[in-house]
Amino acid sequence: MTNGWIDIKNTDMMLIMGGNPAENHPCGFKWAIEAKRNRNAKMIVVDPRFTRTAATADLFLQIRAGADIAFLGGLVNYAIQNNRLAKEYLLNYTNASFLVKEGFQLPENGLYSGFDPATQTYDKSTWNYQEGGNMAGKAAPIDRPAATAAPAPAVLPPNVAYDLALEHPRCVFQLLKKQYARYTPETVERITGIPKDQFLKAADLFTSIRKDGDTKKVASVIYAVGWTQHTVGTQIIRTAAILQLMLGNVGRAGGGVNALRGHSNIQGATDMAGVFDLLPGYLKMPRPEDTDLAAYLKRVTPTVSKPGPWDSFSYWSNTPKFAVSLLKALYGPAATKQDDWAFHYLPKIDRQYSWTQLWDRMYRGEVKGLLSFGMNGVMIGPDTKKNIAALKKAEWLVVGELYPDETSEFWRAPGTTTEQMRQIQTTVYRLPCAGFAEKDGSFTNSARWLQWKNAALPPPGDARLDQDILAQIFLRVRDLYKKEGGKFPDPILNAAWSYTDPQHPSLSEVTKEINGKALADLKDEKTGQEIKTGQQLPGFAWLKDDGTTAAGNWIYCGAWTEAGPQLARRGTEDPSGLGIYPNWAWSWPANRRVLYNRASCDVEGKPWDPSRKQVWWNEAAGRWVGNDVPDFKADSPPKDHMGPFIMNPEGVGRIFAPLAAFAEGPFPEHYEPMESPVKNPLHPNQSNNPVVKKFTTAEDVYGTVEQGFTVICTTYRLTEHYHYWTKHNPMNVETVPEPFVEISADMAKDYGIEGGETIKVTSARGTYIAKAFVTRRIKAMLIDGKKMHQIGIPIHWGYRGIAEDAGKTANTPANLLTPTVIDPNAFTPEFKGFLVKVEKA
Amino acid sequence: MDTTRRDFLKVAAAGGAAATVFGFDLAPAYAQLRELKIARATETRSTCPYCSVSCGVIIYTLGDRAKNVTPQVIHVEGDPDHPINRGTLCPKGASLEQDILNPRRLTKPQVRRPGKTEWEDISWDNAIGEIAQRVKKTRDETFVEKDASGRTVNRCEGMAFTGGCTDTNEFNYLVVKAMRSLGVCYLENQARV
Amino acid sequence: MSQATLEIRAISGHAGSVPGAGVKRELEVCKLIDTTTCIGCKACEVACLEWNGLTFSETTFQNSYQTMPETAWNYWNLIKFNEHERDDGSLMLLMRKDQCMHCEEPGCLAACPADGAIVQYANGIVDFQQDRCIGCGYCITGCPFNIPKFSPQARKVFKCTLCADRVTQGLEPACIKSCPTGCLHFGTKAEMKELADHRATQLREHSGFAKAGVYDPSGVGGTHVIYVLHDASDPEVYGGLPADPHVPWTVQLWKKPLKWLGNLAIVAGVAGVFIHYLRYGPKTVPEDLQGGKP
């Protein structure tokens, strides 16, 4: 979230789409209700189903799953056509005025400039800004390619061409206008199934906050995996970001683009780089061409790119400090300057190793062993059948879990005969782990708050703490390498593991290591402040690239300082009344509660809305001050025109995302889901995402309307259950005892299905069996003029659980249906909007 | 005379038991309230493990943490001080007591051997020893020191780690340290899907 | 709002005066349920199960999100789900938390013949005392909201206690505390009425619900659980919330005119015995029937 849960109470307008917070985040949703109750805020809900969130909405629109960009693009178009824009914000805080290179083409035929059909990749060199300074009233500069033979890697130009009148035909604003002019209300209706009059009602309501030049009101966009889990998931979110930038809603209390995130520590897992392409603190993984640390740092450290007279903080220019401090934390004394800070200890990646690819390569026999802690991979999907087949090919599997789960019992999945079980050669270790109440440590919520929790009791029976199990396995491996030698043992032998009790690492010690400490006496020349060797660092501004600091995750620097565990603070005061709670827990970065909050002020540094003052420029003090921690260079005066988006090299928000920022193009374009009932009405010849990642084994099959898969299906969670966990919990089982399929009353009539009747849902990959839930909360839709049905399946049942063990379900996980196809940016599978057929069972 | 509420109830109950034929008695105990089950329980502040709202919860355990007491969870309730949930919980959070006390919890290490149709018990020491050997064997067999162009890559591609959504930040950090040091590239998490 | 010294206002099956009634000032508690901000999440259902330690009952899917058709002896708090189409064709998903209404004039208490099996505290809570319950089930017929439920195992009747154990100790009921959106609110009856009226006004003025209003039915003397409804003119659509609930006339008859007749009969009986005594003297027991002396 750019903002936070409580901050939602400050909003005037909510667009809740691709998320169902009333069901999946009920306690956070209270702040949406508070906004309605206390500010008469309006709530628009757009979803394939009338959810329990929709029940409290002012306006609900039923959308076809996978048509989100069309809807949001329509809103962008509506806002431009009706001048519902935050003009000053747009001009000063976004790249709307930047000029784009000659040769850049919009995807009117479905493809941006530079596409190579043979490799299905883009040459992105035209997806860049024009070099050149102020172009107001000047002819378009011609961008002549340099005559040199080998093109240098594309970089952003330092001195960007711009037109503050926003009139130049190649300025970002004009391109944006042209791109979304195609997203008319009629087109929106054809693609999304939302009738034109309803779309216009929503568009008028949402953009009404900028009616007649109003700059005080704020709108919030609230979403979750209903946006992420598409082959264009990242681009859906981008469209929302563009919309919010145009309306001037980012950085402001009650505004922002707010990813609700699904689980207690998903934010933390991403921050801590539990994903193949990152190192802690969003540092990029090294690649083979990074032959040494310097080459890596050169590649990943951005250089400033902006209009000449403007200023840009470009905070990622500090990347070397973050990277060297991380290496010092990981490898301690072994990370020396002479040894390039042990940079070669890290693996260098040259392809994708994401979730779906992991299971694909296990299926192909390349991945032989899997350690899985608290992660039910078989159930998570996509394509349960393929994942089970993959595990059968693995040599070994280690599962650390609380409950008997489907992954550890894949070898006796329903339908496996004793004879077949005897063929399965995988060794499976199932280790009992500790539940949340039995562990201390911290979680990071979606508002970026790190919160320490305390252990209430020991784990049951012989169960052990997860960190102890991990430490014990790692140290045993280290012993083996010590004794027997082996391939490149150095990083294993030298990883810093000097915890007081290495077999039982104390999590408070680990948090302190993550925060970072001084490895030499440090002094801030400006303030005279000193930090002695061994002391905890107060914040990431102290990090150094010379080996005198160590920090396991730079964005968490400040969480556990010399003043103690900041992440365990329990101050309940909220002086501003904005729900900032500056002394409760600790929020990254630097305890800032709303990101980009410089943008909550006008160019002069005065809040857009004096009743919601977050930060402001104090001329007398010569500093930014406020109720929140300014997300800005504290002493940069407004006259220097430093951009509020300090993590971008431009300093401003990206309406146009240049170069390799996104795989599909600098502006989002509607592409149909991998399995779609229609050809893309915008460009039938380029229906799907041109750079989508598909898989090619015999299991990876995709269905079509011609094969009889005519019904659009989406999957989701229910408020009564939590993924595959609460099916072991009697109270939750009591409240929703059985799996079901939600189908519309229209469809039930067409198919002759009664509520409660058992039905069979089949995709190209598998079959799901459950009772029909016939409801008026879903309706048949007209998509591109054709009547279509849409159904929904909650994901909570598998083959181990109270109901499952009692033989009350068909033991068909919902992900038997879902396709192995992923978004090329975030690598998330398309769990929403795939095709199925429905029959009576 | 000091009369506790409980004494009062006892006396009153006795009076009630002696209810008269005509029901004209004057001091029966008509309000024998259940005791507050958490009155002297130990409170531990924690964070709900389910969604990303991160509701503060209070875990109530039997006993006062004295040496001779094994803490047993008797109730879980929202933490009213927590600024986000302010004491509220959803149906999943409200059932956390049952998650902690669940008889379906795994309590001992087990192994399923190749070709076998049942779980076998295994000691922790043996389990960890066997796993360590398998990790080393797979790593040594699949480790790639240099790519086709001769550049150092130090990758272990034969092994993967997947982490869950309720793993703590500290655990995740230790995972990064241990797995990246082994050269693991397939390091993924619930966060991806 | 501690109710540590419980004052009792009414006692079932009890003919005489009520001890302590009217002796002290007492705040009347009230639960406010704003159906317009209910998200049907069932946190209240689970919090009730958990706090009260209610046993697991097996449920089945019934083409609804609703947990079971009606409250049960071990399920005191149930959200009723109803898909309701408005005149303009738009859909509403109505969700109403159903539980004991803690009536000001409780029909259950009126109907109950067992002395002290049902009491009404001065704070408004109507509480069942199972140790005095005779399992006759009259309370079930006395309730216009179909709330008390008979447990075949215990042979007693159970229902929501408004968490009297918590309220006594100064805590709010478990359902109230859990409610994520704050559609449940707890306080004095006067405060809740005011809050409810305020919300209903807001719904009428800002959310286009012209008939929004408060449900506090006078037929049972008002309730200590009140609702805000989008359309107060049609409570029946919220899973059969009675538009004008009354204690059944049979119960009223039995508890009022018939009861006085009964009391009169008792008094007449006693008088008869006394007169008989005056006239014939004490009954003498023959010596041999009194047993031998020790």
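Order-wise, the sequence lines are chains A, B and C.
Read in order, the letters of the first sequence correspond to residues 11 to 851 in this note's numbering.
Read in order, the letters of the second sequence correspond to residues 658 to 850 in this note's numbering.
Read in order, the letters of the third sequence correspond to residues 368 to 661 in this note's numbering.
Glycine included, every Cβ here is placed at the ideal spot set by N, Cα and C.
Kindly indicate which residue of the options has the alpha-carbon position closest to the one of residue i.
i: I247(A); options: D207(A), E177(A) and V231(A); result: V231(A)
i: L174(A); options: K527(A), P205(A), G318(A) and A269(A); result: G318(A)
i: D736(B); options: S711(B), K694(B), A805(B) and P728(B); result: S711(B)
i: E845(B); options: H732(B), T819(B) and L758(B); result: T819(B)
i: Q847(B); options: C822(B), L831(B), A835(B) and S838(B); result: C822(B)
i: M145(A); options: G113(A), T129(A) and R180(A); result: R180(A)
i: K338(A); options: Y726(A), A505(A) and G538(A); result: A505(A)
Within the same chain, show all residues whose beta-carbon is closer than 7 Å to that of residue i, passing over the 5 residues directly before and after it, in chain order.
i: D664(B); result: Low local confidence applies: a pLDDT of 38 at D664(B) is under 50, so the model's placement there is unreliable, and no value is given.
i: R309(A); result: D300
i: R810(A); result: P414, D415, E416 and E419
i: R376(C); result: V385, A388, Q487, Y488 and A489
i: G580(C); result: A567, L596 and A599
i: T158(A); result: Per-residue confidence for T158(A) stands at a pLDDT of 48, beneath the threshold of 50, marking its modelled position as unreliable; the derived number appears in the next sentence. There are no such residues.
Residues bridged to residue i by DSSP?
i: F672(A); result: In the DSSP output, where bridge partners are listed per residue, F672(A) has none listed.
i: E692(B); result: Partner(s): none; E692(B) has no beta bridge.
i: M23(A); result: K52(A) and A229(A)
i: S452(A); result: W462(A)
i: M559(C); result: Paired residue(s): none; M559(C) is not in a bridge.
i: F818(B); result: L381(A) and L844(B)
i: L253(A); result: Beta-bridge pairing links L253(A) to no other residue.
i: P839(A); result: I832(A)
i: L407(A); result: L380(A) and V438(A)
i: Y726(A); result: P804(A)
i: V793(A); result: A small fix is needed here, since residue 793(A) is Ile in this sequence, not Val. For I793(A), which the question treats as bridged, DSSP gives the partners K796(A).
i: I378(C); result: V486(C)
Leaving aside the five residues before and after residue i along the sequence, list all residues of the same chain whose C-beta is less than 8 Å from its C-beta, in chain order.
i: L353(C); result: Because residue 353(C) is not part of the residues shown, which for chain C are 368 to 661, the question remains open.
i: G10(A); result: In the structure displayed, chain A extends from 11 to 851; residue 10(A) sits before or after that span and is not available.
i: L441(A); result: V408, V409, G410, E411, R474 and I479
i: P547(C); result: I406, C408 and A410
i: R812(B); result: F800, V801, G840 and C842
i: I501(C); result: P480, A481 and A484
i: I3(A); result: An answer regarding residue 3(A) cannot be provided, because it is not within the stretch 11 to 851 covered by chain A.
i: N829(B); result: G820 and N846
i: G680(B); result: Summary for G680(B): the model assigns pLDDT 35, below 50, so the residue's position carries little reliability; its value from the coordinates is reported in the next sentence. Once the five neighbours on either side are set aside, G680(B) has no close Cβ partner at all.
i: I642(C); result: none
i: S431(C); result: F448
Once you ignore the five residues that flank residue i on each side, which residues in its own chain have a CB closer than 6 Å to its CB?
i: V56(A); result: M27, L71 and I73
i: P839(A); result: T366, P392 and I832
i: G808(A); result: M389, E416, Y734 and P823
i: A673(A); result: V701, P834 and N835
Taking 8 Å as the threshold, find out whether the stretch 661 to 669 of chain A comes into contact with the stretch 91 to 110 of chain A through three or more Cβ pairs.
By the Cβ criterion, the stretch 661 to 669 of chain A is in contact with the stretch 91 to 110 of chain A, since at least three pairs of Cβ atoms, one from each stretch, lie closer than 8 Å.
Taking 8 Å as the cut-off, does the stretch 597 to 607 of chain A touch the stretch 244 to 263 of chain A (at least 3 CB pairs, one atom from each stretch)?
These segments touch.
When you compare the stretch 365 to 384 of chain A with the stretch 345 to 352 of chain A, are there three or more beta-carbon pairs, one atom per stretch, that lie closer than 8 Å?
Taking a cut-off of 8 Å for Cβ pairs, the stretch 365 to 384 of chain A and the stretch 345 to 352 of chain A do not touch, as fewer than three such pairs fall below it.
Any contact of the stretch 741 to 754 of chain A with the stretch 700 to 713 of chain A, i.e. 3+ C-beta pairs under 8 Å?
No, because fewer than three Cβ pairs between the stretch 741 to 754 of chain A and the stretch 700 to 713 of chain A fall closer than 8 Å, the two stretches do not touch.
What ranges does the beta strand (DSSP E) occupy inside the stretch 450 to 533 of chain C, keeping only unbroken runs of at least 3 residues that lie completely in it?
For the stretch 450 to 533 of chain C, whole beta strand (DSSP E) runs of length 3 or above, ordered along the chain, are 458 to 465, 485 to 488, 493 to 495, 516 to 518 and 523 to 525.
With a cut-off of 8 Å, do at least 3 Cβ pairs link the stretch 391 to 402 of chain C to the stretch 734 to 743 of chain A?
Touching, no.
Touch check for the stretch 280 to 295 of chain A and the stretch 709 to 729 of chain A: three-plus C-beta pairs under 8 Å?
Fewer than three Cβ pairs drawn from the stretch 280 to 295 of chain A and the stretch 709 to 729 of chain A lie within less than 8 Å of each other, which leaves the two stretches out of contact.
Just to confirm the assignment: which complete alpha helix (DSSP H) runs, minimum length 4, are found wholly within the stretch 74 to 160 of chain A?
Runs of the alpha helix (DSSP H) inside the stretch 74 to 160 of chain A: 78 to 91 and 97 to 103.
In chain order, what are the residue ranges of uninterrupted alpha helix (DSSP H) at least 4 long that sit wholly in the stretch 173 to 227 of chain A?
Within the stretch 173 to 227 of chain A, the complete alpha helix (DSSP H) segments of 4 residues or longer fall at 182 to 191, 195 to 202 and 206 to 217, listed in chain order.
Inter-stretch contact at 8 Å, needing at least 3 Cβ pairs: the stretch 16 to 24 of chain A / the stretch 43 to 52 of chain A:
The stretch 16 to 24 of chain A, when compared against the stretch 43 to 52 of chain A, does touch it at the 8 Å Cβ threshold.
For the stretch 286 to 313 of chain A, list the alpha helix (DSSP H) runs that are entirely contained and at least 4 residues long, ordered along the chain.
Secondary structure within the stretch 286 to 313 of chain A: the alpha helix (DSSP H) runs of 4 or more consecutive residues, fully enclosed, are 303 to 310 (chain order).
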